[in-house]
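Each residue of the sequence shown is one higher than the one before, counting from 391 in my numbering.
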Amino acid sequence: GRIVSMLEGGYEPGALARSVAAHLKALMGE
C-alpha cells in the first residue's frame, strides 16, 4: 500500500524538526 503524508508550515526550524519527528513516529506506530 501507499501512504500520502503532508506537513504544512515550518517557519521555525526547531518546531519543524519536532513536528517531522513526531509525524514519522506516528506513521511507524511508535
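Using N, Cα and C, we set each Cβ at its ideal position, and we do this for glycine too. Here the structure is a predicted model, which is why all the values come from computation and not from measurement.
May I have the straight-line CA-CA distance separating residue i from residue j, to the nearest angstrom?
{"i": "VAL394", "j": "MET418", "result": "14 Å"}
{"i": "ALA411", "j": "MET396", "result": "13 Å"}
{"i": "TYR401", "j": "ARG392", "result": "28 Å"}
{"i": "GLY404", "j": "LYS415", "result": "17 Å"}
{"i": "GLY360", "j": "ALA407", "result": "The structure shown does not extend to residue 360, since the chain is modelled only from 391 through 420, so no value can be given for it."}
{"i": "GLU420", "j": "SER409", "result": "14 Å"}
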